[in-house]
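Chemist: I have a structure here, written as structure tokens, and I will follow up with some questions on it.
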Amino acid sequence: MTAPAEETAAEDTAAENTADWGTLSDLPGNPLMWILILSELAVFGAFLIGFTGARIVDPGGFANSQALLSRVDGGINTLVLVTSGWLAALAGRAIHDRKPNACRGWLLGAMALGAVFLAVKAVEYSGKAALGIGLETNTFFTLYYLITGFHALHVVLGMVILAIGVWRPRPDTVETGTAFWHMVDLIWVLVYPVIYLVR
Amino acid sequence: MKPPDFSPPPARRLFLAWLLLTGLTVTSLLAGLDGFSPASTTSLTPAALASVLLATALKAREILRVYLNLRASTPGWRGTMTAFVAVIVAAVAGGQAILLALR
Numbered sequence: 001m002t003a004p005a006e007e008t009a010a011e012d013t014a015a016e017n018t019a020d021w022g023t024l025s026d027l028p029g030n031p032l033m034w035i036l037i038l039s040e041l042a043v044f045g046a047f048l049i050g051f052t053g054a055r056i057v058d059p060g061g062f063a064n065s066q067a068l069l070s071r072v073d074g075g076i077n078t079l080v081l082v083t084s085g086w087l088a089a090l091a092g093r094a095i096h097d098r099k100p101n102a103c104r105g106w107l108l109g110a111m112a113l114g115a116v117f118l119a120v121k122a123v124e125y126s127g128k129a130a131l132g133i134g135l136e137t138n139t140f141f142t143l144y145y146l147i148t149g150f151h152a153l154h155v156v157l158g159m160v161i162l163a164i165g166v167w168r169p170r171p172d173t174v175e176t177g178t179a180f181w182h183m184v185d186l187i188w189v190l191v192y193p194v195i196y197l198v199r
Numbered sequence: 001m002k003p004p005d006f007s008p009p010p011a012r013r014l015f016l017a018w019l020l021l022t023g024l025t026v027t028s029l030l031a032g033l034d035g036f037s038p039a040s041t042t043s044l045t046p047a048a049l050a051s052v053l054l055a056t057a058l059k060a061r062e063i064l065r066v067y068l069n070l071r072a073s074t075p076g077w078r079g080t081m082t083a084f085v086a087v088i089v090a091a092v093a094g095g096q097a098i099l100l101a102l103r
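Chains as they are written, first to last, in full-length UniProt numbering: chain A, 1 to 199; chain B, 1 to 103.
Take a look at the structure:
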């Protein structure tokens, strides 16, 4: 026999799954995740447009500072993150095909590549610190640390959310977690060229 | 009305998306390296800049459409999200155009 509290929770979940979110119901996955994706795109978009504006004010200073970054390391990290996104997408496919163990494996692979991304970022930050470059060195590096640091925090949070999917590989958990991971991927794809390549 | 089919893309389509994303990343890196000079401070040529930004826009579109499965959504949502990314990329391109004009 099912306890009343469990029945209520099951009814709540069922109600959420069939809830009418209006036009947001036309989006795949949890509508709240899409609201988050739009919000994060707006925040990072504003950062990148602000970065571009600051470059117009001091093009020479930005070019000299950018030359101190490793464009190749940034490119490697982009490859790492898009590959991680692929593994996360395969996890979503696996849970849809009712293969929870395969899903766990793909998610663990995605998390491992997330750790590689953070390791490369740590090497990059420590290299800058060794040169005496910090948050207050100049406008370029203030924005560089704020934007890439904020993104790295999203990577850490994304790994925690993917770990929940490994622990409890339910379709809604995996779908929401991997959507967050793809958002982190999407943001880096926009951040990398603006900070490392464009000049 | 028939509800939309939000099944994730098949594994083959996901692989093709990864292949495209990898190719575009290498393309933008090579264009941005400016003749294999990793620490160059020289401005990118308009063609190199266009290659970097076009590759960026295409990568963002592919992640939205395939990884985030937006291809299963309505044209309105696909257009909205694509426009969002396009505005960011266009603003960066506009900034570089201003720099070129000021030079």
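Cβ coordinates follow ideal geometry from the N, Cα and C atoms, glycine included. None of these values were measured; they are calculated from a predicted model.
(1) At least one CB of chain A closer than 8 Å to the CB of B/THR22: is that the case?
(2) Starting from B/TRP18, trace the alpha helix (DSSP H) in both directions and tell me its first and last residue.
(3) Apart from the five residues on each side of it in sequence, which residues of its chain come closer than 6 Å, Cβ to Cβ, to A/GLY177?
(4) Assuming contact is defined by CB atoms lying nearer than 8 Å, are A/TRP106 and A/LEU131 in contact in what I supplied?
(5) Going by other Cβ atoms of all chains shown within 10 Å of its Cβ, with 16 needed for buried, is A/ASN101 buried or exposed?
(6) Does the region 50 to 61 of chain B come into contact with the region 75 to 93 of chain B, if we say contact requires no fewer than three beta-carbon pairs (one atom in each stretch) closer than 8 Å?
(7) Can you tell me the Cα-Cα spacing of A/LEU38 and B/TRP77, whole angstroms?
(8) Does the distance from the CB of A/VAL194 to the CB of A/VAL155 come in under 8 Å?
(9) Starting from the beta carbon of A/VAL43, find every residue of chain B whose beta carbon is closer than 8 Å, and list them in chain order.
(10) Within 10 angstroms of the Cβ of A/ASP12, are there 16 or more other Cβ atoms? Answer buried if so, exposed if not.
(11) Within 10 Å of its beta-carbon, does B/GLY23 have 16 or more other beta-carbons around it, so buried, or fewer, so exposed?
(12) Could you check if A/ASN52 is buried or exposed, using at least 16 other CB atoms within 10 Å of its CB as the buried criterion?
(13) Quick check: is the beta carbon of B/THR45 nearer than 8 Å to any beta carbon in chain A?
(14) Can you tell me the Cα-Cα spacing of B/LEU99 and B/LEU29, whole angstroms?
(15) Using CA coordinates, which residue listed in A/TYR125, A/ALA94 and A/ALA88 is at the minimum distance from A/LEU113?
Modeler: Inspection of the coordinates gives the following:
(1) Your numbering for residue 22 of chain B matches position 22 in the second sequence. Closer than 8 Å to some Cβ of chain A, the Cβ of B/THR22 qualifies, so yes.
(2) Translated into positions along the second sequence, residue 18 of chain B becomes position 18. Residue range 11 to 33 is occupied by the alpha helix (DSSP H) that includes B/TRP18.
(3) Within the first sequence, the letter at position 177 stands for residue 177 of chain A. Result list for A/GLY177: ILE161, LEU162 and GLY165, in chain order.
(4) By one-based count along the first sequence, residue 106 of chain A stands at place 106. By one-based count along the first sequence, residue 131 of chain A stands at place 131. Against a cut-off of 8 Å, the Cβ pair of A/LEU131 and A/TRP106 comes out as no contact.
(5) Within the first sequence, the letter at position 101 stands for residue 101 of chain A. A/ASN101 comes out exposed.
(6) A contact exists between the region 50 to 61 of chain B and the region 75 to 93 of chain B.
(7) To locate residue 38 of chain A, count along the first sequence from 1; it is residue 38. To locate residue 77 of chain B, count along the second sequence from 1; it is residue 77. Each residue's Cα considered, the two are about 11 Å apart.
(8) By 1-based counting over the first sequence, the position of residue 194 of chain A is 194. By 1-based counting over the first sequence, the position of residue 155 of chain A is 155. Not in contact: A/VAL194 and A/VAL155 (Cβ atoms no closer than 8 Å).
(9) For this step, residue 43 of chain A is matched to residue 43 along the first sequence. None at all; the shortest Cβ gap to chain B is about 11 Å.
(10) Taking the first residue of the first sequence as 1, we reach residue 12 of chain A at position 12. Legend: pLDDT at A/ASP12 = 47, less than 50; position of this residue unreliable, value from coordinates given subsequently. Within 10 angstroms of the beta-carbon of A/ASP12 lie fewer than 16 other beta-carbons, which makes it exposed.
(11) Taking the second sequence and counting its residues from 1, the one referred to as residue 23 of chain B is at position 23. When all chains shown are included, B/GLY23 counts as exposed.
(12) For the purposes of this step, residue 52 of chain A is taken as residue 52 along the first sequence, with counting starting at 1. The sequence shown places Thr at residue 52 of chain A, rather than the Asn named in the question. Per the 10 Å Cβ criterion, buried.
(13) Looking up residue 45 of chain B in the second sequence gives position 45. Not closer than 8 Å to any Cβ of chain A, the Cβ of B/THR45 fails to qualify, so no.
(14) For the purposes of this step, residue 99 of chain B is taken as the residue at position 99 of the second sequence. For the purposes of this step, residue 29 of chain B is taken as the residue at position 29 of the second sequence. Distance between the alpha carbons of B/LEU99 and B/LEU29 is about 21 Å.
(15) Locating residue 113 of chain A in the first sequence gives position 113, counting from the first residue. Of A/TYR125, A/ALA94 and A/ALA88, the residue nearest in Cα terms is A/ALA88.
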